[in-house]
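Counting in our numbering, the sequence shown runs from 14 upward without gaps. Even glycine gets a Cβ: it sits at the ideal position worked out from N, Cα and C.
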Amino acid sequence: MNRHPEPGAAHSFPHFHPHVTLATLRLPIASESSSEPAAARASTMLTLREAIPLGQRAVPVRFARVVAGDHYFRSVFVALAPSPELVRLRAALAAAGTPHPPAFPHLSLYYIADEEAHTRERLLQELERENVIRHAANGQEVVLECGGPGAVAGADVAGPGMTDRGALAGFTGTQIWIVDCEGPVEGWKVLDKILLAKSDG
14 MNRHPEPGAA
24 HSFPHFHPHV
34 TLATLRLPIA
44 SESSSEPAAA
54 RASTMLTLRE
64 AIPLGQRAVP
74 VRFARVVAGD
84 HYFRSVFVAL
94 APSPELVRLR
104 AALAAAGTPH
114 PPAFPHLSLY
124 YIADEEAHTR
134 ERLLQELERE
144 NVIRHAANGQ
154 EVVLECGGPG
164 AVAGADVAGP
174 GMTDRGALAG
184 FTGTQIWIVD
194 CEGPVEGWKV
204 LDKILLAKSD
214 G
């Protein structure tokens, strides 16, 4: 995601934290003249926190394929294998009344403006041609080469989801963030971070 082509539109290729969207809710807009929206926002955040199962363990995430989508927030994304842990967590949030996010589960790599929609497929093809995206022989998973330009030789990091070459096949989700996504992407605000229990083993 550090590779950012020169955008033609102002809101293409913003920088953002890689994330799996579990739920999207519209919070009441805060107002200085009234305490009602602030109270409603606090209530919604409490509902989200309480929907996360007590003792929720870290969630393993595996990459299935990379897709060029048809929406700004799904421009180029990694479709994830719907692991039982991820599906159970999403179901717990759905039981609290949160809408099901589109294309769940996925992890966005790039947001590209609709007026540059043709760039989405072209960028995906470039990433595949340059072996930044490598498809497994079984067709069921992909590996993302995370070294890229400027990577330090011999500094590959081994860990959950890392292959022996240091490429990423997945990761372990250890936190759930509640984020205010109003306005420009690079201005999104993290409102809360919930740490998940470490998995056994």
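First through last residue of the alpha helix (DSSP H) which encompasses residue i
i      : result
Leu-93 : That residue, Leu-93, is in no alpha helix (DSSP H); its beta strand (DSSP E) goes 87-93.
Reduced DSSP category for residue i - H, G, I as helix; E, B as strand; rest coil
i       : result
Ala-126 : coil
Pro-73  : strand
Ala-9   : Absent from the structure is residue 9, since the part of the chain shown begins at 14 and ends at 214.
Leu-137 : helix
Ser-121 : strand
His-17  : coil
Arg-39  : coil
Leu-59  : helix
Ala-168 : In this predicted model, Ala-168 has a pLDDT of only 31, less than 50, meaning its place in the structure is not dependable; the value taken from the coordinates is given anyway. Of the three classes helix, strand and coil, the one that applies to Ala-168 here is coil, per DSSP.
Ala-22  : coil
Beta-ladder partner(s) of residue i, from DSSP
i       : result
Lys-206 : Trp-190
Leu-157 : Ile-146 and Leu-181
Ile-33  : First, the residue type needs correcting, since residue 33 is Val and not Ile in the sequence shown. Answer by DSSP bridge pairing, in chain order: Leu-120.
Val-100 : Val-100 is not bridged to any residue.
His-84  : Arg-87
Arg-78  : Ala-92
**Study point:** Segment contact flag, the stretch 64-80 with the stretch 176-195, C-beta cutoff 8 Å, min 3 pairs
**Key:** yes
Review point. Do three or more CB pairs link the stretch 77-87 to the stretch 109-122 at distances below 8 Å?
Key: yes
Practice item. Flag this pair as touching only if the stretch 17-27 and the stretch 125-133 have three or more C-beta atom pairs under 8 Å; answer yes or no. Key: yes
Exercise for review: Report yes or no: do the stretch 88-108 and the stretch 60-73 share at least 3 C-beta pairs separated by less than 8 Å?
Suggested key: yes
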